[in-house]
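Here is the structure we will look at, set down as structure tokens.
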Amino acid sequence: MFSFQSYASSHTGLKRTSNEDNYLVGTEIGVSKDLLTQCGALYAVADGMSGHAAGQVASQIAVATLKEYYIQPNLSLPPLKRLEALFQDAHKKILTAARYNSLYKGMGTTLTAIVLKENQLYYAHIGDSRLYLIAGDTGNPRQITRDHTLVARYLREGKLSAQEAEDEDPSVLEQALGFNREVQVDVGQFEIKAGDYLILATDGLTKSLPPSKIKTVILNSRNAADACKKLTRRAIDNGGIDDITVIVIEVLEE
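Here the sequence shown is numbered in the numbering used here, starting from 85 and rising by one per residue.
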């Protein structure tokens, strides 16, 4: 059995007046220990977007919907099915809110969520926020999620080289909650081990620090809190051009 030490940070950065990111740490919202054991520990980051600063509303809806994982637990459904259903529910709520309020028109949000239960990690993802795994045995960083951006798809399909991609706008999303009538959510699971570090982050961090730099910070930090604070500071020092939200989780032997 494992325990999880986590720390979260969200910062507006240096260029914006409001923070449209949101996050969720399931162990900090008053969930009972028994329910955490039954359902697992839920963590998520969301990066809202809109021309009318309604991105904050979209990311709030997404995170509030995810809380139903505990408020209305459905233990008959596997975690992946439950997460995917909640993502689809959040998508519908965002579309409905935008339909009835002109100020919310065009709002949307990324959402990347994980559930840690026993030795398994379950994830659901849409957009360009990211989940990284830094393996405890090798220290190697690995991006688990794929970016749902036009540039990322062109790279995967070989239509752009890495060098050519540097001249393109990396922020053009093809998938996000609130975008299009239907969305396709990526889901997956894998085994975790003691010593692993998990990082959930919005693009305010990932566009400022490459995986190699994130790895360096993690391996030179005392614990999850120290690592999270350092990552946020590095992103700010590198320009802080966007909202920066980071959750760092260390997997510990219980």
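No residue lacks a Cβ here, since even glycine has one placed at the ideal position from N, Cα and C. Remember, it's a predicted structure, so these values are computed and weren't measured experimentally.
In terms of residues, what are the limits of the alpha helix (DSSP H) holding residue 348?
Because residue 348 is not part of the residues shown, which for the chain are 85 to 338, the question remains open.
If you run the structure through DSSP and keep just helix, strand and coil, what is residue 230?
Here residue 230 refers to the residue found at position 146 when the sequence shown is read from its first residue. DSSP places residue 230 in coil when its eight states are reduced to three.
Taking the Cβ atom as the reference point for each residue, do residue 87 and residue 308 lie within a distance shorter than 8 angstroms?
Position 3 of the sequence shown holds residue 87. Position 224 of the sequence shown holds residue 308. No, the Cβ-Cβ distance between residue 87 and residue 308 is not below 8 angstroms.
Name the two residues that bound the continuous alpha helix (DSSP H) containing residue 316.
Counting from one through the sequence shown, the residue named residue 316 turns up at place 232. 308-321 is the span of the alpha helix (DSSP H), which, as asked, contains residue 316.
Mind checking whether residue 97 and residue 287 have CB atoms under 8 angstroms apart?
Within the sequence shown, numbered from 1, the residue matching residue 97 stands at position 13. Within the sequence shown, numbered from 1, the residue matching residue 287 stands at position 203. No, they are not a contact pair.
DSSP state of residue 100, grouped into three classes?
Start at 1 with the first residue of the sequence shown, and residue 100 comes out as number 16. Here residue 100 carries a coil assignment [DSSP, helix/strand/coil].
Following the continuous beta strand (DSSP E) through residue 223, name the residue where it begins and the one where it ends.
To locate residue 223, count along the sequence shown from 1; it is residue 139. Run containing residue 223: none; DSSP gives neither H nor E here.
Give me the Cβ distance between residue 260 and residue 129, rounded to the nearest whole Å; I'm assuming they're in contact under 8 angstroms.
Taking the first residue of the sequence shown as 1, we reach residue 260 at position 176. Taking the first residue of the sequence shown as 1, we reach residue 129 at position 45. Actually they are not in contact, since the Cβ atoms of residue 260 and residue 129 sit about 13 angstroms apart, beyond 8 angstroms.
Whole angstroms are fine: how far does the CA of residue 211 sit from the CA of residue 275?
The residue given as residue 275 occupies position 191 in the sequence shown. The residue given as residue 211 occupies position 127 in the sequence shown. Going from the Cα of residue 275 to the Cα of residue 211 covers about 23 angstroms.
Three-state secondary structure assigned by DSSP to residue 275
The residue you call residue 275 lines up with position 191 of the sequence shown. Of the three classes helix, strand and coil, the one that applies to residue 275 here is strand, per DSSP.
Pairing CB atoms from the segment 135-149 with CB atoms from the segment 180-193, are three or more of them under 8 angstroms?
The segment 135-149 makes contact with the segment 180-193, as at least three CB pairs between them are under 8 angstroms.
Segment contact flag, the segment 295-303 with the segment 209-223, C-beta cutoff 8 angstroms, min 3 pairs:
Three or more Cβ pairs drawn from the segment 295-303 and the segment 209-223 lie within less than 8 angstroms of each other, which places the two stretches in contact.
Can you tell me which of 116, 227, 281, 233 puts its alpha carbon nearest to the alpha carbon of residue 272?
If you number the sequence shown from 1, residue 272 lands on position 188. Here the closest residue by C-alpha is 227.
Starting from the Cα of residue 177, find the closest Cα among 203, 143, 208 and give me that residue.
As a first step, residue 177 is located in the sequence shown; it is residue number 93 there, counting from the start. The shortest C-alpha separation from residue 177 is found at 143.
Best match in 109, 337, 134 for proximity to residue 196 [C-alpha to C-alpha]:
Within the sequence shown, numbered from 1, the residue matching residue 196 stands at position 112. Among 109, 337, 134, the Cα nearest to that of residue 196 is on 109.
Quick one: give me the first and last residue of the alpha helix (DSSP H) that residue 325 is part of.
Counted from its first residue, the sequence shown places residue 325 at position 241. For residue 325, there is no enclosing alpha helix (DSSP H), as DSSP gives it neither H nor E.
Just list the residues that DSSP pairs residue 267 with in beta bridges.
Within the sequence shown, the letter at position 183 stands for residue 267. DSSP output for residue 267 lists no bridge partner at all.
Range covered by the beta strand (DSSP E) that runs through residue 196:
Along the sequence shown, one-based indexing puts residue 196 at 112. Note, residue 196: beta strand (DSSP E), 195-201.
Report yes if the C-beta distance between residue 111 and residue 119 is below 8 angstroms; otherwise report no.
Taking the first residue of the sequence shown as position 1, residue 111 is located at position 27. Taking the first residue of the sequence shown as position 1, residue 119 is located at position 35. In this structure, the beta-carbon distance from residue 111 to residue 119 does not fall below 8 angstroms.
Would you call residue 163 buried or exposed, if buried means 16 or more other Cβ atoms sit within 10 Å of its Cβ?
On the sequence shown, residue 163 is found 79 positions in, with the first residue counted as 1. Under this definition residue 163 is a buried residue.
Three-way DSSP call (helix, strand, coil) for residue 144 in this model
Position 60 of the sequence shown, counting from 1, holds the residue named residue 144. It is helical.
Return the CA-CA distance between residue 153 and residue 166, expressed in angstroms with no decimal places.
In the sequence shown, the residue the question calls residue 153 occupies position 69. In the sequence shown, the residue the question calls residue 166 occupies position 82. Between the alpha carbons of residue 153 and residue 166 lies a gap of roughly 7 angstroms.
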